[in-house]
Amino acid sequence: MRTFGHNTIDAVPNIDFYRHTAATLGEKLIRPSLSELHDELDKVKPSTADGLANGEEPSAAEEAAVALAAKEAKGGTIKFGWVKGVLIRCMLNIWGVMLFIRMSWIVGQAGIGLTIAVILMATVVTTITGLSTSAIATNGFVRGGGAYYLISRSLGPEFGGSIGLIFAFANAVAVAMYVVGFAETVVEMLSDVDALMTDELNDIRIVGTLTVILLLGISVAGMEWEAKAQIVLLVILLAAIANYFIGSFIAVESKEPKGFFGYSSAIFLENLGPDFRDEETFFSMFAIFFPAATGILAGANISGDLADPQSAIPKGTLLAILITGVTYVVITISAGSCIVRDATGDHNDTVSDTVNCTDAACTLGYDFSICKEGGCQYGLMNDFQVMGLVSGFGPLISAGIFSATLSSALASLVSAPKVFQALCKDNIYPGLGMFAKGYGKNNEPLRGYVLTFCIGLAFILIAQLNVIAPIISNFFLASYALINFSVFHASLANSPGWRPSFKYYNMWVSLAGAVLCCVVMFVINWWAALVTLLIVLALYIYVSYKKPDVNWGSSTQALIYNQALTHCMNLTGVEDHVKNFRPQCLVLAGYPNARPALLQLVHSFTKNVGLMVCAHVRTVTRRPNLKEVSQEHARCQRWLNKKRLQAFYTHVFSDSLRHGAQFLMQAVGLGRLKPNTLVMGFKNNWSDGDMRDVEVYINTIHDAFDLQFGVAILRLQDGLDVSHIQGQDEILTTHEKPAKEVVVSVTLTKDSDSDSCPSKTTSSQSSPLIVRAAAETKCPLSLSDQRLLETSQQFKRKQGKGTIDVWWLFDDGGLTLLIPFLLTNRSKWGDCRIRVFIGGKINRIDHDRRAMATLLSRFRIDYSDIHVLGDINTKPKKHNKLSFKELIEPYRLKEDDMEQEAAERLKAQEPWRITDNELELYRAKNNRQIRLNELLKEHSSAAKLVVMSMPLARKGTVSSALYMCWLETLSKDLPPLLLVRGNHQSVLTFYS
């Protein structure tokens with residue numbers, strides 16, 4: 001359709017714009033991008049996905065032809081409606097073998113009243129789960145995978161992956177359970193006519209193996225054949241149920257000695273209450289019955305083969321629960337109204353005048369009181385095949401048993417591979433990808449069928465499933481619990497994307513359903529419930545550790561966002577307290593991979609403690625391409641996540657570092673989650689560059705103090721910046737392209753330390769990020785670059801035994817001491833001990849040491865030694881003073897050698913220059929920096945890290961050049977040095 005008939009590429013709303021790439025119900029169309037509509041026409045030449053020119057759109061006939069061609073190309077897959085795909089499957093699975101051979105026994109034990117209570121309890125659980133399933137299934141398009149798909153897309157891959165695996169396994173083992181149930185019935189019939197092949201156990205194995213091979217053939221033949229087989233089995237099952245009810249109205253005198261008298265109020269009243277025997281209880285009856293109700297996901301498990309899963313799953317599942325629930329209740333009342341609990345089967349046990357008989361059978365002319373002593377073989381309590389006795393045609397009940405077992409086995413044999421295939425397609429568990437492949441027009445998981453067959457056959461050959469059966473029921477219940485919890489969780493997260501079209505659900509009812517499922521698990525078998533929970537927990541931990549690269553918009557993400565937003569808002573109403581202070585660092589690191597040592601060190605003391613923001617000031621002279629900027633931001637954040645650095649990335653465009661840093665310090669953060677410490681790298685090459693850059697660098701530090709930030713500066717003697725080195729730890733492009741796909745231009749440069757070596761620059765269209773160099777452009781690194789690369793990784797390694805020397809010369813509130821303490825709490829720095837150095841006087845060394853020891857003790861900070869520097873004010877060595885003089889010489893104003901007006905003009909043009917008055921005023925401070933460097937070399941040359949109070953310079957009085965010379969002199973030729981200055985507000989306290 002043209003957009004209102006006008007010549008524009010802007011498109012009207014269309015469902016095909018919202019499809020996924022792999023949509024099955026239609027082709028995905030690409031709407032015009034924002035840049036195509038917004039950017040200038042001469043810069044952007046948009047083209048649509050189908051190759052139409054700008055402004056042209058296909059006609060309705062063309063669109064229909066494309067859709068038809070796509071459908072034909074797909075081969076016309078078979079899709080089922082809600083009756084054939086969901087209703088029939090669910091009913092066949094719920095009407096299991098329990099209906100014919102255990103229902104009457106449960107009525108005898110629990111009585112009509114409690115049996116109905118058991119059925120209603122089970123139905124409540126399944127109905128709530130059915131409502132929850134309907135809500136999830138109608139909250140968007142449902143693909144194949146059944147319970148796994150519903151849970152994983154709601155709660156995320158951790159829960160979905162763990163439940164998906166055990167749910168698929170449970171269905172595979174359920175095949176064996178149902179087939180063994182069928183085989184046992186066949187073998188019992190063979191035994192009655194003395195036609196056993198070997199012995200009962202081996203005959204079960206033989207019949208079971210042949211049966212599962214037949215079922216595999218039906219399944220592999222395709223879903224259409226499997227669906228036809230299910231219909232045939234349903235017809236037989238319905239005929240068997242009808243046969244029972246017809247027989248219950250036909251009272252035959254020959255059946256009376258065996259306990260069947262037809263409908264009688266006396267029998268009904270006698271069977272209304274319970275008569276538990278052999279230590280059975282209400283809950284044991286519930287445990288025996290409930291597995292009969294666990295087939296409600298049979299339709300959802302083939303969600304990928306349904307024509308309209310959103311409509312089919314709710315209608316088919318809920319109607320199946322209603323029909324089967326009513327059937328169980330009616331059969332309970334029927335059996336309890338026409339069959340007595342005990343019967344001898346003897347025609348001679350009639351009532352005599354001499355016997356005091358009060359049972360219901362007595363009123364009908366029979367005396368079965370001898371059964372109280374045991375030994376009777378008939379009646380509700382003694383004959384599992386009593387429904388065959390009641391029925392009009394007994395063999396049809398056997399056919400019903402066969403139908404119930406085979407239909408359930410067939411449904412499980414189809415469900416397990418479908419769920420497993422969906423799980424493998426998502427690559428939750430690496431190594432299982434081979435089972436994701438499908439074959440034929442219906443994408444049949446043939447490999448999954450073979451795997452399910454092998455698992456089922458293994459358990460069939462065991463032929464003893466009394467131990468594994470309760471675990472399987474618990475696996476199903478765990479799935480139901482998580483489906484219910486998914487609805488509660490999604491509702492609690494209040495995500496705008498949670499909009500199910502099925503409205504008949506309630507978050508609290510779903511939560512109650514989840515709790516009920518967990519309770520039922522323990523009621524059925526407490527140790528099996530524990531095993532199930534442990535397996536789910538183990539798989540959950542594994543998937544959480546592997547962190548699969550998927551994003552399904554789960555309710556977990558939505559709830560985390562809600563909680564984060566709520567907590568951020570709550571924090572804004574609470575004043576900061578010194579006990580809760582934590583360093584929240586704004587790290588001026590450039591691109592995240594440009595200064596790895598800086599990020600690794602800061603990460604060591606902020607991980608799980610404080611905020612870390614990797615900030616990048618981009619100096620530009622023209623307007624940047626904002627689209628590329630957004631993509632670049634996402635790449636940098638992905639790199640941080642990949643390296644497991646708990647940090648946020650942000651960048652800002654500015655005309656200078658200073659202005660960009662000002663923007664960042666004022667704008668970065670959210671409420672209390674706001675940086676309070678600026679971390680920078682030392683400007684190693686400051687003396688070789690433009691002194692205006694030094695002016696900007698020093699003024700950035702002053703700005704941080706003005707904004708009440710603490711400041712930390714890290715210096716490594718080999719430097720921090722590794723961005724110029726090819727092939728080092730690179731940030732990949734948006735689609736993680738391999739090296740050969742990155743466009744690079746190669747030029748030859750002459751390096752002083754090596755032969756001619758190609759260096760690369762990115763093409764004009766690629767990001768200025770460090771990109772992966774192709775193999776042919778690699779060349780040997782210079783010695784300095786090799787040292788730099790090795791140094792850049794030093795904080796990534798475990799530090800081993802050593803010391804962190806803290807030169808706490810000035811009280812800045814305690815930040816200089818807090819950072820080393822946080823470092824020693826990390827495993828990488830755990831073997832390092834803190835040594836504290838303080839300034840003092842020679843005649844008070846012991847007093848100053850005791851005072852500092854008392855303070856550290858009250859702060860509860862462990863240390864190995866305290867050094868009081870009594871000679872801190874001693875004059876520095878002559879050659880060191882001479883070196884300092886040579887260092888500052890190029891930056892002096894030398895106003896005595898020129899006229900005052902010329903000196904003032906030069907100072908205004910180059911404010912970083914050092915005046916003679918300034919040198920004289922700060923002579924003592926100059927000497928102190930020189931002397932401190934001498935002491936650092938004397939005491940801390942072997943330290944793993946030196947953390948030192950950073951000298952302050954009065955803004956407007958100390959020139960940038962002189963301040964930079966102080967920092968240079970203080971920190972040169974030393975181990976890794978971190979200069980720290982807090983904002984002079986306490987960050988440590990000894991009060992509780």
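For the sequence shown, position 405 matches number 405 in this note's numbering, and the numbering has no gaps at all.
Beta carbons: idealized from backbone N, C-alpha and C, even for Gly.
Simplified DSSP assignment, three categories, for residue i
{"i": "Cys832", "result": "strand"}
{"i": "Gly438", "result": "coil"}
{"i": "Glu575", "result": "coil"}
{"i": "Thr327", "result": "helix"}
{"i": "Phe682", "result": "coil"}
{"i": "Ile428", "result": "coil"}
{"i": "Arg622", "result": "coil"}
{"i": "Phe249", "result": "coil"}
{"i": "His984", "result": "coil"}
{"i": "Asp359", "result": "coil"}
{"i": "Met381", "result": "coil"}
{"i": "Gly839", "result": "strand"}
{"i": "Tyr149", "result": "helix"}
{"i": "Ser992", "result": "coil"}
Cα-Cα separation between residue i and residue j, rounded to whole angstroms
{"i": "Phe993", "j": "Val519", "result": "Absent from the structure is residue 993, since the part of the chain shown begins at 1 and ends at 992."}
{"i": "Gly375", "j": "Met381", "result": "11 angstroms"}
{"i": "Val329", "j": "Ile428", "result": "42 angstroms"}
{"i": "Met950", "j": "His984", "result": "12 angstroms"}
{"i": "Ala307", "j": "Pro32", "result": "30 angstroms"}
{"i": "Gly448", "j": "Gly400", "result": "29 angstroms"}
{"i": "Ser303", "j": "Ser132", "result": "15 angstroms"}
{"i": "Val414", "j": "Ala176", "result": "13 angstroms"}
{"i": "Leu406", "j": "Ala478", "result": "25 angstroms"}
{"i": "Ser763", "j": "Ala594", "result": "Residue confidence is low: Ser763 scores 35 on pLDDT, short of 50, so the model does not pin down where it sits. Its coordinate-derived value is still stated next. C-alpha separation (whole angstroms): 20 angstroms."}
{"i": "Asn271", "j": "Glu280", "result": "16 angstroms"}
{"i": "Phe312", "j": "Gly85", "result": "Before going further, note that residue 312 is Ala rather than Phe in the sequence given. So the alpha carbons of these two residues sit roughly 8 angstroms apart."}
{"i": "Asp688", "j": "Ser656", "result": "19 angstroms"}
{"i": "Leu974", "j": "Lys796", "result": "20 angstroms"}
{"i": "Val390", "j": "Gly108", "result": "15 angstroms"}
Classification of residue i by the beta-carbon crowding that lies within 10 angstroms, buried from 16 upward
{"i": "Pro596", "result": "buried"}
{"i": "Lys642", "result": "exposed"}
{"i": "Asn825", "result": "exposed"}
{"i": "Phe1011", "result": "Shown here, the chain extends from 1 to 992; a query on residue 1011 therefore has no answer."}
{"i": "Ile267", "result": "buried"}
{"i": "Met103", "result": "buried"}
{"i": "Tyr263", "result": "exposed"}
{"i": "Ala64", "result": "Residue confidence is low: Ala64 scores 41 on pLDDT, short of 50, so the model does not pin down where it sits. No coordinate-derived value is stated."}
Other residues of its chain near residue i: CB distance less than 7 angstroms, five sequence neighbours each side excluded
{"i": "Ile218", "result": "Trp225, Glu226, Ala229 and Leu410"}
{"i": "Val439", "result": "Sequence inspection shows Tyr at residue 439; the Val mentioned does not correspond to that position. Cβ neighbours of Tyr439 beyond the five flanking positions: Leu446."}
{"i": "Glu56", "result": "Low per-residue confidence applies at Glu56: pLDDT is 40, beneath 50, and the placement is therefore not dependable, though the value from the model is reported in the following sentence. Excluding positions up to five away in sequence, the list is empty."}
{"i": "Gly993", "result": "For residue 993 there is no data in the structure shown, the boundaries of the chain being 1 and 992."}
{"i": "Met964", "result": "Trp686, Val694 and Ile698"}
{"i": "Ala170", "result": "Ile472, Phe475 and Phe476"}
Close-in-space but distant-in-sequence residues of the same chain around residue i (CB under 6 angstroms, 5 per side omitted)
{"i": "Glu158", "result": "Tyr540, Val543 and Ser544"}
{"i": "Phe648", "result": "Val613"}
Residues near residue i in its chain [Cβ-Cβ closer than 8 angstroms; skip 5 each side]
{"i": "Ser992", "result": "none"}
{"i": "Asp703", "result": "Arg658, Ala661, Gln662 and Met665"}
Which listed residue (the options) has its alpha carbon closest to that of residue i
{"i": "Tyr505", "options": "Leu413, Ile136, Asn684 and Gln666", "result": "Ile136"}
{"i": "Arg635", "options": "Ser656, Tyr591, Ala661 and Thr619", "result": "Tyr591"}
{"i": "Leu120", "options": "Gly388, Val326, Phe990 and Leu935", "result": "Val326"}
{"i": "Ala942", "options": "Arg833, Asn843, Arg928 and Met852", "result": "Arg833"}
{"i": "Arg205", "options": "Val220, Tyr178 and Leu319", "result": "Tyr178"}
{"i": "Phe485", "options": "Ile151, Asn348 and Leu461", "result": "Ile151"}
{"i": "Thr803", "options": "Pro976, Ile524, Pro314 and Val696", "result": "Pro976"}
{"i": "Gly259", "options": "Ser369, Ala240 and Gly273", "result": "Ser369"}
{"i": "Ala481", "options": "Asp973, Gln631, Leu155 and Leu979", "result": "Leu155"}
{"i": "Asp305", "options": "Ala292, Gly394, Pro417 and Ser408", "result": "Pro417"}
{"i": "Ser960", "options": "His616, Ile701 and Leu882", "result": "Ile701"}
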